[in-house]
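Below: the structure, in structure tokens.
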Amino acid sequence: MRKSRGHRLQRLIKATSDQSSTRSRGIMFVFKDFTKHVKFAHRLDVEIDNIVFRLHYRLTFWFLMACCFIVSSKQFIKDHINCIADKSVSPVVDTFCFFSSTFTVVKYHNSSYLNGHLVAHPGVGPYSGEEDIVRHSYYQWVPFVLFLQGLMFYGPRKLWKHTDGGRLAAFVHRVRTSRITDDEDREINNVKIESLKSRSNKVEWFSKAYITMSRFRVSRDWARMLVVCEFLNALNLVFQMWLTNKFLQGQFLNLGLRWYDDDFDAIDLVFPKVTKCTFHKYGPTGTIQNHDTMCIMSLNILNEKIYVLLWFWFIGLFLVTSLSLVWRLLTYFLHRSFAFNRFVWGEISPGPAIYSQDIETLSRSLHFSDWLFLYYIGKNINGKMFRTAVSEIAKDINALRPKSKPLLQLDNSVEDDPKESDC
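Numbering (our numbering), first residue to last: 82 to 504.
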């Protein structure tokens, strides 16, 4: 009877272990399938966002996915936990303790006990059942949480890409030019070299299309959603910091500071390398026997490094994201400033300066959404083409209306709502 019960227990725990391995393999397959649709070192043909945006959906996403892969692989090779126990229970106690959670005794999380040789390891010592303990079971969920966090960092990118819908790329591809020849279009080594006349036609088309788009407010939704997605990145980052802190039982927010201060007790409380586990088993006469085991948590050596790095990365990302939002607010309030536009457009179109009259005309005429759309077009075409395009737009604006009227009132059939936001 006892032997039969023992076999059933071993089969049950083995089945649980196999199920864990299956879940780990599942993460690997989902990870491999998802990465087919996400490029890491791919250079964007048309940039529809900025470098801070890309820190969220590229570097952060790939860092979390890499950590998920490493942790899952370590679990798959089954060296995540090793428990010291009697030979009679040693074949099953590792799996049992991993899934039932281990614990440490709070009062032994003190370096004085270790320095006084009163305990063998921090948090591991005599336990009568009355002392306060801390249970550690989060490590079972680390790969799943990391994978979910990675997907959430990629979410705003998918939303923004869907909203843009190739709108910016359509403008950029139409006016982008690599080389110019004086007389006529040529093709050398399968590279088309356009004539000055072709470029002039492109610029003329671009100016008319841009003004038409502005009059019918096509860029309004585009600009709004870009700003919304930038703020979503910031909100998602704050949420991920809160979620990680909740996941680690409130120990994440100051984890990096404690690691930097070499706070031995605090770090080992969050990521204990040695823990305790109590395994219950029926004895020969049916009496429940308690097996007190000491478990080596090798996986926590890796978890500690991951979350310390994640803390520093989240803090750095929070700082640069905050600066990017400040920059976006500055562009909103200063987009009608002549000095601001001369500086910004000079940065994205190196070379001869844009004519002051053209900057003045556009500064007085453009709504923020139109200004932002033009700014991103300028980031994706060469400086000479951008300067020519700005000059053509300014010329068309001056030809279509008196200088005192705003751009969106050029067409009397499309009137601005005075209550509508400038964005």
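We put the CB at the ideal spot given by N, CA and C, even for glycine. Given the structure is predicted, the values throughout are model-derived calculations rather than measurements.
Under 7 Å between C-beta atoms of residue i and residue j
i           : j           : result
residue 302 : residue 129 : no
residue 161 : residue 380 : yes
residue 317 : residue 233 : yes
residue 387 : residue 148 : yes
residue 313 : residue 224 : no
residue 393 : residue 337 : yes
residue 310 : residue 408 : no
residue 206 : residue 174 : no
residue 250 : residue 127 : yes
residue 247 : residue 142 : no
residue 358 : residue 183 : yes
residue 478 : residue 256 : no
residue 475 : residue 442 : yes
Distance, residue j Cα to residue i Cα
i           : j           : result
residue 378 : residue 391 : 20 Å
residue 90  : residue 133 : Its pLDDT being 42, under 50, residue 90 is placed unreliably in this model, and the value from its coordinates should be taken loosely. One C-alpha to the other measures close to 53 Å.
residue 356 : residue 145 : 27 Å
residue 163 : residue 243 : 48 Å
residue 213 : residue 324 : 25 Å
residue 329 : residue 373 : 26 Å
residue 154 : residue 458 : 44 Å
residue 178 : residue 229 : 26 Å
residue 305 : residue 451 : 11 Å
residue 190 : residue 396 : 28 Å
residue 420 : residue 307 : 24 Å
residue 471 : residue 252 : 14 Å
residue 490 : residue 300 : Bear in mind that a pLDDT of 46 at residue 490, under 50, signals an unreliable position, so the number given afterwards is only what the model happens to contain. Taking the straight line from one Cα to the other gives about 16 Å.
residue 473 : residue 445 : 16 Å
residue 348 : residue 411 : 41 Å
residue 385 : residue 340 : 10 Å
residue 424 : residue 455 : 15 Å
residue 326 : residue 209 : 31 Å
residue 138 : residue 322 : 16 Å
residue 202 : residue 181 : 21 Å
residue 371 : residue 136 : 51 Å
residue 343 : residue 362 : 40 Å
residue 188 : residue 211 : 12 Å
residue 360 : residue 382 : 24 Å
residue 315 : residue 398 : 9 Å
residue 492 : residue 447 : Any reading at residue 492 must be qualified, since the residue scores a pLDDT of 46, below 50, and its modelled position is unreliable; the value itself is stated next. One C-alpha to the other measures close to 15 Å.
residue 165 : residue 226 : 29 Å
residue 417 : residue 140 : 34 Å
residue 239 : residue 320 : 18 Å
residue 199 : residue 235 : 49 Å
residue 453 : residue 151 : 41 Å
residue 222 : residue 131 : 33 Å
residue 422 : residue 254 : 24 Å
Range of the contiguous beta strand (DSSP E) that encloses residue i
i           : result
residue 384 : Per DSSP, residue 384 belongs to no beta strand (DSSP E); it is in the alpha helix (DSSP H), 379-415.
residue 165 : 163-165
Simplified DSSP assignment, three categories, for residue i
i           : result
residue 179 : helix
residue 137 : helix
residue 127 : coil
residue 479 : helix
residue 352 : coil
residue 200 : coil
residue 373 : strand
residue 146 : helix
residue 338 : helix
Range covered by the alpha helix (DSSP H) that runs through residue i
i           : result
residue 217 : No alpha helix (DSSP H) holds residue 217; the beta strand (DSSP E) holding it covers 214-217.
residue 422 : 419-429
residue 187 : Residue 187 -> no alpha helix (DSSP H), and no H or E assigned at all.
residue 333 : Per DSSP, residue 333 belongs to no alpha helix (DSSP H) and is neither H nor E.
residue 461 : 449-461
residue 446 : 437-446
residue 245 : 223-245
residue 250 : 248-256
Residue i: CB within 6 Å of a non-hydrogen atom of the ligand GTP
i           : result
residue 243 : The ligand GTP is absent from the structure shown, which contains no ligand whatsoever.
Proximity test, Cβ basis, 7 Å: residue i and chain D
i           : result
residue 397 : No chain D appears in this structure, which consists of one protein chain only.
The stretch 202-218 in contact with the stretch 352-359 per 3-pair CB rule at 8 Å: In short, these stretches touch, since the Cβ pair count reaches three.
Cβ contact check for the stretch 464-472 and the stretch 419-435: 3 or more pairs under 8 Å: The stretch 464-472 vs the stretch 419-435: in contact.
Cβ pair count under 8 Å reaching 3, the stretch 434-441 against the stretch 396-408: Segments in contact, no.
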